[in-house]
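Engineer: First the structure, which I've put down as structure tokens, then a few questions once you've had a look.
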Amino acid sequence: MEVSNRAEGLKETYDVAGRDFSSAGAASSRIKRILQQIGVDQGIIRRIAVSSYEAEMNLVIHASNGGRITLDISPDAVTILVEDDGPGITDIKKAMQPGYSTASDEIREMGFGAGMGLPNMQSCADELEISSEPGVGTTLKMVFMNR
Amino acid sequence: MKLRQVVNELNLEHLCGGDLDSVEVTGGYTSDLMSDVIAKAKKGDVWITNQKHLNIVAVASLLNLAGVIVAGGLRPDDATIEKAKEENVSLFVSDLPAFEVVGRLYNMGLRTNAG
Ligand SMILES: Nc1ncnc2c1ncn2[C@@H]1O[C@H](COP(=O)(O)OP(=O)(O)OP(=O)(O)O)[C@@H](O)[C@H]1O
Ligand SMILES: [Mg+2]
Chain A
289 MEVSNRAEGL KETYDVAGRD FSSAGAASSR IKRILQQIGV DQGIIRRIAV
339 SSYEAEMNLV IHASNGGRIT LDISPDAVTI LVEDDGPGIT DIKKAMQPGY
389 STASDEIREM GFGAGMGLPN MQSCADELEI SSEPGVGTTL KMVFMNR
Chain B
301 MKLRQVVNEL NLEHLCGGDL DSVEVTGGYT SDLMSDVIAK AKKGDVWITN
351 QKHLNIVAVA SLLNLAGVIV AGGLRPDDAT IEKAKEENVS LFVSDLPAFE
401 VVGRLYNMGL RTNAG
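Which chain is which? The protein sequence lines are A and B, in order.
Going by my numbering, the residue at position 55 of the first sequence is 343; the numbering climbs one at a time, nothing skipped.
Going by my numbering, the residue at position 71 of the second sequence is 371; the numbering climbs one at a time, nothing skipped.
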């Protein structure tokens, strides 16, 4: 697939507010719209939309003060960088396991907290790197190749 | 089949969004878990759910779903309907339990979307 020249070097950062369910999904929608405009393959757009949505919801639900999502488009790949300022993840291996969730009952009633977000991102992204420091924050980098 | 056919057959109340005569329904999915729906529902699906909060709109929009049927007599609030209008997501309600809605759609020939 090809990304048009116009898209080369495109980089944008979106702020995601914590606990704000009314605008949750806005960053993912914006990312999807940009990818559509530059004509990225539909299957890749779907994988990116799923992953950015899961990452965005994790910022809304789990990060104390929300966070930031950066979309970075190069001719070879789309990179999604997700950063927050805490509370961090103590056991990343555990967090990556399907079904593991620390979500509250209130969040679960909304249909979140199945513990499927990180596993979904893992299966959608070509590369996923996650690092976290308790008390400092979490950084999640996902790369999607423009095959 | 067209969305219109689904609406007529199930006697759905149409809250907002979409041109019923042009939107094509290609399959269906049912779940109340957001991470399950976002991973498995496909473009063109109708999504049958008992969730009625605002975030069903973002999911439906991101996946290009044909529409969302909130079943069991539940009603999304005004904020959700407003959001669905903004995103041009078709939102319906049914007094029938989710089981019944899904069963009727299956009888009409709708299946789980493979692609
Ligand atoms: N940005 C984050 N900051 C702190 N903790 C996080 C963050 N993202 C994920 N976690 C932790 O990892 C767990 C697993 O995340 P995952 O997205 O897989 O599931 P979930 O968000 O709990 O449920 P689901 O995504 O299915 O709605 C979370 O319950 C939470 O404890
Ligand atoms: Mg999650």
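In this text, a Cβ means the ideal position worked out from N, Cα and C, and glycines have one as well.
1) Could you list the residues in the stretch 390 to 405 of chain A with a C-beta less than 7 Å from some C-beta on chain B, going in chain order?
2) Could you tell me the alpha carbon to alpha carbon distance between K299 of chain A and T367 of chain A, rounded to whole angstroms?
3) On the DSSP bridge list, what partners appear for D360 of chain A?
4) Count the other CB atoms within 10 Å of the CB of Y406 of chain B; is the residue buried (16 or more) or exposed (fewer)?
5) Looking at A315 of chain A and E344 of chain A, is the spacing between their C-beta atoms short of 8 Å?
6) In the stretch 355 to 375 of chain B, which residues sit with their C-beta less than 8 Å from some C-beta in chain A, listed in chain order?
7) Between the stretch 343 to 358 of chain B and the stretch 371 to 381 of chain B, do three or more beta carbon pairs fall short of 8 Å?
8) V346 of chain B to S317 of chain A, Cα distance in whole Å?
9) Between which two residues does the alpha helix (DSSP H) containing S317 of chain A stretch?
10) Taking Cβ positions only, does S335 of chain B come closer than 8 Å to chain A?
11) Ends of the alpha helix (DSSP H) at M345 of chain A?
12) Buried or exposed for R375 of chain B, going by 16 or more other Cβ atoms inside 10 Å?
13) Answer yes or no: does any C-beta atom of chain A fall closer than 8 Å to that of I338 of chain B?
14) K429 of chain A to L369 of chain A, Cα distance in whole Å?
15) Between which residues of its own chain and I380 of chain A is the CB-CB distance below 7 Å, once the five residues before and five after are set aside?
16) Whole angstroms are fine: how far does the CA of Q324 of chain A sit from the CA of N293 of chain A?
Structural biologist: This is what the structure gives:
1) M398, G399, F400, A402, M404, G405
2) For the purposes of this step, residue 299 of chain A is identified with residue 11 of the first sequence, where counting begins at 1. For the purposes of this step, residue 367 of chain A is identified with residue 79 of the first sequence, where counting begins at 1. Approximately 9 Å between the Cα atoms of the pair.
3) On the first sequence, position 72 is the one that residue 360 of chain A refers to. D360 of chain A pairs with A:K299, A:T367.
4) As a position in the second sequence, residue 406 of chain B is number 106, starting the count at 1. By the neighbour-count rule (16 or more Cβ atoms within 10 Å), Y406 of chain B is not buried but exposed.
5) What you label residue 344 of chain A is simply residue 56 of the first sequence in a count that begins at 1. What you label residue 315 of chain A is simply residue 27 of the first sequence in a count that begins at 1. Result yes, Cβ atoms of E344 of chain A and A315 of chain A sit closer than 8 Å.
6) N355, V357, A358, V359, S361, L362, L363
7) yes
8) Taking the second sequence and counting its residues from 1, one reaches residue 346 of chain B at position 46. Taking the first sequence and counting its residues from 1, one reaches residue 317 of chain A at position 29. Cα to Cα, V346 of chain B sits roughly 20 Å from S317 of chain A.
9) Sequence index remark: in the first sequence, residue 317 of chain A carries index 29 (1-based). Here the alpha helix (DSSP H) through S317 of chain A covers 314 to 325.
10) The sequence position of residue 335 of chain B within the second sequence is 35, counting from 1. Yes, because at least one Cβ of chain A sits closer than 8 Å to the Cβ of S335 of chain B.
11) In the first sequence, residue 345 of chain A corresponds to position 57, counting from 1. M345 of chain A -> alpha helix (DSSP H) spans 330 to 350.
12) Residue 375 of chain B sits at position 75 when you count from the first residue of the second sequence. Exposed is the call here.
13) Mapped onto the second sequence, residue 338 of chain B falls at position 38. By this cut-off, I338 of chain B is an interface position.
14) Reading the first sequence from its first residue, position 141 is the one you call residue 429 of chain A. Reading the first sequence from its first residue, position 81 is the one you call residue 369 of chain A. So the alpha carbons of these two residues sit roughly 5 Å apart.
15) As a position in the first sequence, residue 380 of chain A is number 92, starting the count at 1. Once the five neighbours on either side are set aside, the close Cβ partners of I380 of chain A are I418, S420.
16) Position 5 of the first sequence, counted from the first residue, corresponds to residue 293 of chain A. Position 36 of the first sequence, counted from the first residue, corresponds to residue 324 of chain A. Here the model assigns N293 of chain A a pLDDT of 47, short of 50, so the residue's position is not dependable, and the following value carries that caveat. Distance between the alpha carbons of N293 of chain A and Q324 of chain A: 14 Å.
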